[in-house]
Amino acid sequence: MPPRRLHTVTTCPACGKHNQLHYKYCLGCGAELGSAGPSTQKPGRAKSIPTPTPGLDFSDDVTRSGRGPHIQPQEPPPERDAALPFVVCTSCGAHNDVHHKFCSSCGIQLKRTTQPGRGTSRTRLTALNPDGSEGTVFPLGGQTTKVGREAGGILAADPFLSPSHASFTPQDDGVTVQDENSLNGVFRKLAVDQRYPLHPGQVFRIGQELIRFEALESKGPDAEGIEAMGAPLEGYVGRIAMVLSRATTGTAFPVPETGLNLGRERGEVLFADDGYVSGLHCRISYEDAQAYLADLGSSNGTFVRVNGAEKFLNGEVLLMGQQLFRITA
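In our numbering, the protein residues as written are 4 to 332.
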C-alpha cells in the first residue's frame, strides 16, 4: 500500500499561488481562500495554538471558559521567525514575512513602509505549551513593543488582556517589562529556592490561588491617647489574604516571624481542593525585618505580580493573560 500523502498547501482559486492551509487570504493577490481540504500537518511537526496552563486565570470579571486564547499562529518554525525580518499589519497587528504582499490574517495589503521587526535586536517572546514545550515565537524588534487586546499587539485575541496591557523594551541583557495598569497583570515566575522580597500589597499566585501579602504594623495611641482594641501582634509580621477581586480580599492567615509553608498536603496553610498546588508548594520566611517568598520545587510554579516596570533577564518566564512566555534576549 503506497504511503499516504499529506496536504500542506492550498491553491488560490484566483491567481494559483500556493498558500499554507491555515491562511485565510492569499499572500499573492489577497483573495479570500475557501475550504482547504484535510487539515493535516507535516510529519513530525503538528501545528499548535498555545492553550492556557491550567489554573492560570487572573481575571476578576471574565467567566472561565476552559479554552485557551486564539493566538495568531506563526506557522514557520521558531528558528525562521527569529532569523527573518517581518512586516506588522497596520490593521490587525499580525506578523507577516517581509515578502508577503497581503496579510495572512485579515487580507489587507501590507505597506512596504512598515518598519521590519527585527532591527538590531533578536529579543523575542516564546510561548510555552502546557507540556512545557516551545510554541509560537514573537520577535520584539529593537524598539518598545506594546502588547494588548486592542493595541495591535501579538495577543489581540486574548480576552484576559487589557486593551493596552504591557510594553516590552529590549535591553543589552534582557527586557524591561512595563505593566500598563492592566486588570489582570503581568507575573514573573520564580526560580526554585529563589528568595523574592515581599513588599506590602505584593500579589502572588500558586495554582489557582491569588494571594496578597499585607504587613502588620503596631499602632500606638491616637492623638487623644486612646489605644485601639484588638489581638496583640507579638510574634506576627504580616498576613496573607485571598484575592477575590482587585479591591476585595477574603480569608486571611497570619504570618509568624518563624515563617509559613503553603501547599496542598503539607504546611500551615493548605489548599486541599486545588489540584495545581503541589504537596509542599512555597514558603514565606522573615529575616532582618524583611519577608521573602520562595518556591520549593512545585510542579506548576510560583508567580509574583510585576509592579510598574521590571527587568527580565534572558531565560526568565512570565505570564500574561492566559499564556506563559519565555524571554530570549
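Quick reminder that beta carbons are idealized off the backbone N, C-alpha and C, glycines included.
In this text, all values refer to a predicted model and were calculated from it rather than measured experimentally.
| request: Put Phe-315 into one of helix, strand or coil per three-state DSSP. | output: strand
| said: What would DSSP say about Gln-211, mapped onto helix, strand or coil? | reply: DSSP places Gln-211 in coil when its eight states are reduced to three.
| query | With distances taken between CB atoms, is the gap from Ala-275 to Arg-286 smaller than 7 Å? | reply | no
| Local Cβ density within 10 Å of Asp-175, reported as buried at 16 or more and exposed below that | exposed
| field | Chain-order list of residues whose beta-carbon lies under 7 Å from that of Pro-417 (same chain, five-residue window excluded) | value | One cannot answer for residue 417 here, as it falls past the ends of the chain, which runs 4 to 332.
| request: Measure from the alpha carbon of Val-307 to the alpha carbon of each residue in Arg-198, Thr-147, Glu-153 and Pro-173, then state which is nearest. | output: Among Arg-198, Thr-147, Glu-153 and Pro-173, the Cα nearest to that of Val-307 is on Arg-198.
| query | Cβ of Ile-330 within 7 Å of Cβ of Val-206? | reply | Going by C-beta atoms, Ile-330 is not nearer than 7 Å to Val-206.
| task | Report the residue from Glu-230, Leu-265 and Ala-231 whose alpha carbon sits nearest the alpha carbon of Ile-214. | result | Leu-265
| field | 6 Å Cβ shell around Pro-259 - same chain, five flanking residues per side excluded | value | Gly-238 and Tyr-239
| field | Beta-carbon contacts of Val-195 that lie in its chain and below 7 Å, excluding the five residues immediately before and after | value | Asp-298 and Gly-300
| request: Go through the segment 199 to 267 residue by residue and report every complete run of the beta strand (DSSP E) that reaches 3 residues or more, in order. | output: 199 to 201, 206 to 209, 212 to 218, 239 to 248, 251 to 259 and 263 to 266
| query | So what does DSSP say about Leu-299, is it helix, strand or coil? | reply | coil
| request: Compare the C-alpha of Met-323 against each of Gly-210, Ala-332, Val-309 and Cys-109 and name the closest. | output: Per the C-alpha coordinates, the member of Gly-210, Ala-332, Val-309 and Cys-109 positioned closest to Met-323 is Val-309.
| Reduced DSSP secondary structure (H/G/I, E/B, other) of Gln-325 | coil
| request: Could you spell out the range, first to last residue, of the beta strand (DSSP E) harbouring Tyr-289? | output: Here the beta strand (DSSP E) through Tyr-289 covers 285 to 290.
| said: Excluding the 5 residues flanking Glu-271 on each side, which residues of the same chain have their C-beta closer than 8 Å to its C-beta? | reply: Phe-256, Leu-263, Asn-264 and Leu-265
| said: Which of the three DSSP states is assigned to Thr-126 in this structure? | reply: coil
| query | What's the call for Glu-319, buried or exposed, on a 16-neighbour Cβ count within 10 Å? | reply | Its Cβ being crowded by 16 or more others within 10 Å, Glu-319 is buried.
| query | For the candidate residues Phe-171, Phe-190 and Asn-187, whose alpha-carbon lies nearest to that of Gln-181? | reply | Phe-171
| Do you know offhand how far Tyr-289's Cα is from Cys-92's? | 50 Å
| query | Just how far apart, CA to CA, sit Ala-250 and Pro-224? | reply | 28 Å
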